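Asker: These protein sequence lines map, in sequence, to chains A and B.
For what it's worth, the working numbering labels the leading residue of the first sequence as 1, then goes sequentially.
For what it's worth, the working numbering labels the leading residue of the second sequence as 1, then goes sequentially.
Just so you know, even glycine gets a beta-carbon here, dropped at the ideal spot from N, CA and C.
Just so you know, these numbers come straight off a predicted model, no measurement behind them.
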Amino acid sequence: MTDRVTVGGVTVASKPVRALKGVVLALCCAAVIVPFAGIVSTSLATREQLTRDGGFVLWPDQVSFAAYAAILSGGVVTRATLVSLFVTAAGTALSMAATILLAYGLSRPRSVAHRPLLMVVLFALLFTPGIIPSYLVVKSLGLLDSYWALILPVAVNAFNVIVLRAFFLDLPREVIDGARIDGAGDLAILFRIVLPLSRAVLAVIGLFYAVAYWNAFFSALLYLNDTAKWPLQLVLRTYVVNQTQLGVDQLGAAGTALPPQEAIQMAILVLSIVPVLVVYPFVQRHFTKGVLLGAVKG
Amino acid sequence: MRWAGLSWWDRVRRDRILLLATLPGVGLLLTFHYLPWLGNVIAFKDYQPYVGILDSPWTGLANFRIIVSGDPAFLNALTNTLVITLLQVLIVFPAPIALALLLDSLMSERLKRAVQSILYLPHFLSWVIVVAIFMQLLGDGGLLNTFLRDHDLGTVSIVNNPDAFFALVTGQVLWKDAGWATILFLAALSRIDSTLYEASAVDGATRWRQLWHITLPALRSLIVLLLILRLGDALTVGFEQIVLQQAAVGADASEVLDTYVYNNGILAGDWGVSAAVGLVKGVVGLLLVLGANRLAHRFGEQGVYQR
Chain A
1 MTDRVTVGGV TVASKPVRAL KGVVLALCCA AVIVPFAGIV STSLATREQL TRDGGFVLWP
61 DQVSFAAYAA ILSGGVVTRA TLVSLFVTAA GTALSMAATI LLAYGLSRPR SVAHRPLLMV
121 VLFALLFTPG IIPSYLVVKS LGLLDSYWAL ILPVAVNAFN VIVLRAFFLD LPREVIDGAR
181 IDGAGDLAIL FRIVLPLSRA VLAVIGLFYA VAYWNAFFSA LLYLNDTAKW PLQLVLRTYV
241 VNQTQLGVDQ LGAAGTALPP QEAIQMAILV LSIVPVLVVY PFVQRHFTKG VLLGAVKG
Chain B
1 MRWAGLSWWD RVRRDRILLL ATLPGVGLLL TFHYLPWLGN VIAFKDYQPY VGILDSPWTG
61 LANFRIIVSG DPAFLNALTN TLVITLLQVL IVFPAPIALA LLLDSLMSER LKRAVQSILY
121 LPHFLSWVIV VAIFMQLLGD GGLLNTFLRD HDLGTVSIVN NPDAFFALVT GQVLWKDAGW
181 ATILFLAALS RIDSTLYEAS AVDGATRWRQ LWHITLPALR SLIVLLLILR LGDALTVGFE
241 QIVLQQAAVG ADASEVLDTY VYNNGILAGD WGVSAAVGLV KGVVGLLLVL GANRLAHRFG
301 EQGVYQR
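1) As an exercise, report each continuous alpha helix (DSSP H) stretch of at least 4 residues that is fully enclosed by the stretch 193 to 227 of chain A, in chain order.
2) Starting from the beta carbon of residue 363 of chain B, find every residue of chain A whose beta carbon is closer than 9 Å, and list them in chain order.
3) Any contact of the stretch 189 to 199 of chain B with the stretch 47 to 55 of chain B, i.e. 3+ C-beta pairs under 8 Å?
4) For residue 240 of chain A, return the contacting residues in chain B, with the cut-off set at a CB-CB distance below 7 Å.
5) Going by beta carbon distance, what residues of the same chain come within less than 6 Å of residue 121 of chain A, once the five residues before and after it are set aside?
6) Ignoring anything shorter than 4 residues, give me the alpha helix (DSSP H) runs that lie fully in the stretch 67 to 154 of chain B, in order along the chain.
7) What is the C-beta distance between residue 92 of chain B and residue 170 of chain B, in whole angstroms, given that I count them as a contact (C-beta under 8 Å)?
8) Does residue 58 of chain B come out as helix, strand or coil in the three-state DSSP assignment?
9) Determine which residues share a DSSP beta bridge with residue 45 of chain B and list them.
10) Residue 131 of chain B and residue 241 of chain B - do their beta-carbons sit closer together than 8 Å?
11) Rounded to whole angstroms, how far is the Cβ of residue 32 of chain A from the Cβ of residue 122 of chain B, which I believe are closer than 8 Å?
12) Over what stretch of residues does the alpha helix (DSSP H) that includes residue 301 of chain B continue unbroken?
13) Please find out if some non-hydrogen atom of the ligand NAP comes closer than 7 Å to the beta-carbon of residue 277 of chain B.
14) Are any of the Cβ atoms in chain B nearer than 8 Å to that of residue 295 of chain A?
15) Does residue 305 of chain A come out as helix, strand or coil in the three-state DSSP assignment?
16) I'd like to know if residue 136 of chain B contacts chain A, where contact means its C-beta is closer than 8 Å to some C-beta of that chain.
17) Would you list, in chain order, the members of the stretch 104 to 120 of chain A that have their beta-carbon closer than 9 Å to a beta-carbon of chain B?
18) What in chain A is Cβ-close to residue 99 of chain B, meaning under 9 Å?
19) Runs of 3 residues minimum, wholly inside the stretch 239 to 265 of chain B: which ones carry the beta strand (DSSP E) assignment?
20) Apply the 10 Å Cβ neighbour rule to residue 33 of chain B and answer buried if 16 or more other Cβ atoms are within range, or exposed otherwise.
21) Chain B beta carbons: is any one of them nearer than 8 Å to that of residue 263 of chain A?
22) For the stretch 275 to 298 of chain B, enumerate the residues whose C-beta is nearer than 9 Å to any C-beta of chain A, in chain order.
23) Got a sec: is the Cβ-Cβ distance from residue 142 of chain A to anything in chain B below 8 Å?
24) Once DSSP output is grouped into helix, strand and coil, what is the label at residue 6 of chain B?
25) Is it true that the CB of residue 127 of chain A sits closer than 8 Å to the CB of residue 286 of chain B?
26) Kindly indicate which three-state DSSP category residue 108 of chain A falls into: helix, strand or coil?
27) Assuming residue 259 of chain A is part of the alpha helix (DSSP H), what are its boundary residues?
28) List the endpoints of the continuous alpha helix (DSSP H) containing residue 15 of chain A.
29) Nearest-angstrom Cα distance between residue 113 of chain A and residue 17 of chain B?
30) So that I know if they touch, is there some Cβ in chain B lying closer than 8 Å to that of residue 229 of chain A?
31) Compare the C-beta of residue 102 of chain A against all C-beta atoms of chain B and say whether one is closer than 8 Å.
32) Tell me whether residue 135 of chain B is buried or exposed, calling it buried when 16 or more other Cβ atoms sit within 10 Å of its Cβ.
33) Within 8 Å (strictly less), CB to CB, does residue 287 of chain A reach chain B?
34) Hey, does residue 160 of chain A have any beta-carbon neighbour from chain B nearer than 8 Å?
35) Go to residue 49 of chain A, then tell me how far its alpha helix (DSSP H) extends in each direction, as first and last residue.
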């Protein structure tokens with residue numbers, strides 16, 4: 001509030017209040033940054049330091065990449081990472097295609113069957129099917145133990161469709177009508193006008209889908225019985241949350257001396273966070289657009 | 001459109017591309033969001049996976065008896081669910097509002113953006129990662145307990161302690177999503193007409209009065225909307241989050257309705273009863289949203305949808 005009010009200085013916060021605000025915000029930021037720093041540091045720490053400082057170090061004395069070498073040398077973790085990358089890439093591509101097409105198909109309110117089709121999307125938002133019926137559908141379609149089971153049931157997120165549709169409805173009508181007069185068909189308008197104008201919101205929705213696929217844990221637990229097919233999140237659960245020891249068998253062609261378990265565990269954790277961290281900064285400035293449109297115009 | 005006199009068939013021809021475009025998405029929604037509702041028939045059957053849905057014998061409402069018969073495992077799951085929901089509405093819901101007010105009062109735009117970037121980040125981490133992080137910080141061998149042990153202060157059991165489970169779960173949700181949830185409130189705050197503050201300052205309003213008479217009223221519609229949505233989810237509490245941590249604290253402390261359906265149905269094979277619980281839960285959730293929405297209309301708010 002303070003930044004807006006300049007009249008007579010009446011409402012500028014007093015010094016102690018401002019200091020208190022600063023401290024609270026700094027603590028909130030520290031609550032996010034410190035764990036991250038600790039995870040990265042522990043993954044790089046040596047056995048001597050881990051033995052001395054307990055299982056979690058905040059700053060490594062000496063940097064060792066042994067844990068990363070161990071998990072990336074072709075064992076369980078490497079395979080799971082590749083599975084996760086594949087599911088994320090294929091899933092995001094399919095989701096974006098279906099979402100863009102559906103949102104575009106619903107972006108002309110007077111088109112035929114517009115209302116019932118829109119209702120299908122809106123009600124999907126209100127009715128989330130239960131765990132057991134969903135499982136039965138996936139099972140009866142023969143998708144158990146298939147990667148499609150991780151993709152198809154969540155491929156279309158109704159909320160994302162509604163956000164994107166709202167954005168398409170907001171695009172300047174004159175440009176689209178002009179193109180139509182010049183003889184452009186519906187598909188040409190989608191690819192030459194609508195999509196290029198929507199890059200920011202598409203980036204946000206793409207990130208939401210990608211993060212959902214990358215982070216999915218329960219769908220894999222539910223639908224994949226074959227542990228060889230497990231994605232990274234399930235490996236993370238087994239070896240980090242449930243603290244199952246990772247041995248030479250699971251690590252593939254590692255040398256005789258294994259790096260400390262704590263470092264390996266944290267290296268897997270870092271591995272699972274890095275893709276999110278890499279994409280995040282590029283999309284972050286568009287967040288408001290992606291989230292708000294849906295909330296405001298739903 | 002402009003050619004209102006077109007026959008239905010001509011309109012289909014005119015909009016064929018749009019109709020075709022909706023096909024894949026609508027097909028996926030029908031298959032994975034609507035078709036499962038048919039699967040709910042097993043709530044009225046004694047479902048045996050090897051017999052199949054169609055050939056399993058009908059049992060009427062027998063599967064629903066567990067909901068009214070005072071079955072202790074079900075009641076425990078229901079109670080835990082409601083307690084966690086209550087904690088989340090009381091503690092997790094207001095936190096982003098306070099945080100947004102704090103962020104909004106920052107003078108420097110750059111600093112504000114930097115803080116936002118940091119606070120949004122946990123939202124994008126999976127529950128597996130969040131649970132792992134909390135174990136590293138608060139677990140028996142974690143940062144806190146190592147520190148306490150090194151200074152001869154004893155240790156506190158948090159991660160494996162059934163009595164601390166509600167607090168742990170609430171803390172995790174707060175850590176993961178309070179920052180992200182500020183995004184909507186910040187946008188609403190940025191739309192407040194700044195002349196309102198200036199005028200009220202001239203009239204001698206204190207900052208608290210401005211908060212009460214200008215800022216909070218401006219946020220009211222959004223707060224009502226989010227509360228309605230939260231109410232619809234009253235029976236749904238962090239499924240992945242809780243499944244991950246059940247082994248550490250046991251079912252008494254951690255069983256909620258969703259985990260009950262999963263553990264009792266898919267893992268233990270009591271399909272019919274679990275489907276019945278799931279079905280009732282879904283219907284109650286829907287009724288809660290519709291009811292809350294009507295209530296919001298009565299108070300003159302917009303709610304989720306308009307009539």
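Answerer: Put simply:
1) Unbroken alpha helix (DSSP H) stretches of 4 residues or longer found wholly inside the stretch 193 to 227 of chain A: 199 to 215 and 218 to 223, given in chain order.
2) This structure gives no information on residue 363 of chain B, because the portion of chain B shown stretches from 1 to 307.
3) The count of Cβ pairs closer than 8 Å, one atom from the stretch 189 to 199 of chain B and one from the stretch 47 to 55 of chain B, stays below three, leaving the stretches out of contact.
4) Translated into the one-based positions of the first sequence, residue 240 of chain A becomes position 240. Residues of chain B passing the Cβ test: 132.
5) Position 121 of the first sequence holds residue 121 of chain A. For residue 121 of chain A, same chain residues with a beta-carbon under 6 Å away, outside a window of 5 residues either side, are 158 and 161 in chain order.
6) DSSP runs (the alpha helix (DSSP H)) wholly in the stretch 67 to 154 of chain B: 72 to 87, 94 to 104, 109 to 120, 127 to 138 and 143 to 150.
7) Taking the second sequence and counting its residues from 1, one reaches residue 92 of chain B at position 92. Taking the second sequence and counting its residues from 1, one reaches residue 170 of chain B at position 170. Going by Cβ atoms, the distance from residue 92 of chain B to residue 170 of chain B rounds to 6 Å, so yes, they are a contact pair.
8) Translated into positions along the second sequence, residue 58 of chain B becomes position 58. In the structure shown, residue 58 of chain B falls within a strand segment according to DSSP collapsed to helix, strand and coil.
9) On the second sequence, position 45 is the one that residue 45 of chain B refers to. DSSP output for residue 45 of chain B lists B/58 as bridge partner(s).
10) Residue numbering aside, residue 241 of chain B sits at position 241 when the second sequence is read from its first letter. Residue numbering aside, residue 131 of chain B sits at position 131 when the second sequence is read from its first letter. It is a contact, given that the beta carbons lie within the stated cut-off.
11) Residue 32 of chain A sits at position 32 when you count from the first residue of the first sequence. Residue 122 of chain B sits at position 122 when you count from the first residue of the second sequence. The beta carbons of residue 32 of chain A and residue 122 of chain B sit about 6 Å from each other, so the pair counts as a contact at 8 Å.
12) Here residue 301 of chain B refers to the residue found at position 301 of the second sequence. Counting along the chain, residue 301 of chain B sits inside no alpha helix (DSSP H), nor does DSSP assign it H or E at all.
13) No copy of the ligand NAP appears in this structure; indeed no ligand is present at all.
14) Translated into positions along the first sequence, residue 295 of chain A becomes position 295. Because residue 295 of chain A carries a pLDDT of 49, less than 50, the predicted location of this residue cannot be relied on, and no value is offered for it.
15) Any answer about residue 305 of chain A is impossible in this case: the structure gives chain A only from 1 up to 298.
16) Reading the second sequence from its first residue, position 136 is the one you call residue 136 of chain B. Yes, its Cβ sits closer than 8 Å to a Cβ of chain A.
17) If the cut-off is 9 Å between Cβ atoms, the stretch 104 to 120 of chain A has 104, 105, 106, 107, 108, 110, 111, 112, 113, 114, 117 and 120 near chain B.
18) Working through the second sequence from its first residue, we reach residue 99 of chain B at position 99. Going along chain A in sequence order, the residues near residue 99 of chain B (Cβ under 9 Å) are 24, 25 and 28.
19) Qualifying beta strand (DSSP E) stretches: none in this window.
20) On the second sequence, residue 33 of chain B is found 33 positions in, with the first residue counted as 1. By the neighbour-count rule (16 or more Cβ atoms within 10 Å), residue 33 of chain B is buried.
21) Working through the first sequence from its first residue, we reach residue 263 of chain A at position 263. So, not an interface residue.
22) Along the stretch 275 to 298 of chain B, going in chain order, the ones with a CB nearer than 9 Å to a CB of chain A are 275, 277, 278, 279, 281, 282, 285, 286, 289 and 290.
23) Along the first sequence, one-based indexing puts residue 142 of chain A at 142. No, no contact with chain B.
24) In the second sequence, counting from the first residue as 1, residue 6 of chain B sits at position 6. DSSP places residue 6 of chain B in coil when its eight states are reduced to three.
25) For the purposes of this step, residue 286 of chain B is taken as residue 286 along the second sequence, with counting starting at 1. For the purposes of this step, residue 127 of chain A is taken as residue 127 along the first sequence, with counting starting at 1. Yes, these two residues count as a Cβ contact at 8 Å.
26) For the purposes of this step, residue 108 of chain A is identified with residue 108 of the first sequence, where counting begins at 1. Coil at residue 108 of chain A, not helix or strand.
27) On the first sequence, residue 259 of chain A is found 259 positions in, with the first residue counted as 1. It is not in any alpha helix (DSSP H) - residue 259 of chain A carries neither H nor E in the DSSP assignment.
28) Indexing the first sequence from 1 puts residue 15 of chain A at position 15. First-last of the alpha helix (DSSP H) with residue 15 of chain A: 15 to 44.
29) Residue 113 of chain A sits at position 113 when you count from the first residue of the first sequence. Residue 17 of chain B sits at position 17 when you count from the first residue of the second sequence. So the two alpha carbons sit approximately 13 Å from each other.
30) Here the question's residue 229 of chain A lines up with position 229 in the first sequence. Closer than 8 Å: no.
31) Locating residue 102 of chain A in the first sequence gives position 102, where the first residue counts as 1. Judged by the 8 Å Cβ criterion, residue 102 of chain A is in contact with chain B.
32) The count along the second sequence starts at 1 and reaches residue 135 of chain B at position 135. It is buried - the Cβ of residue 135 of chain B has at least 16 other Cβ atoms within 10 Å.
33) Along the first sequence, one-based indexing puts residue 287 of chain A at 287. Answer yes: the Cβ-Cβ gap between residue 287 of chain A and chain B drops below 8 Å somewhere.
34) Along the first sequence, one-based indexing puts residue 160 of chain A at 160. No, because no Cβ of chain B sits closer than 8 Å to the Cβ of residue 160 of chain A.
35) By 1-based counting over the first sequence, the position of residue 49 of chain A is 49. That run of the alpha helix (DSSP H) goes 47 to 53.
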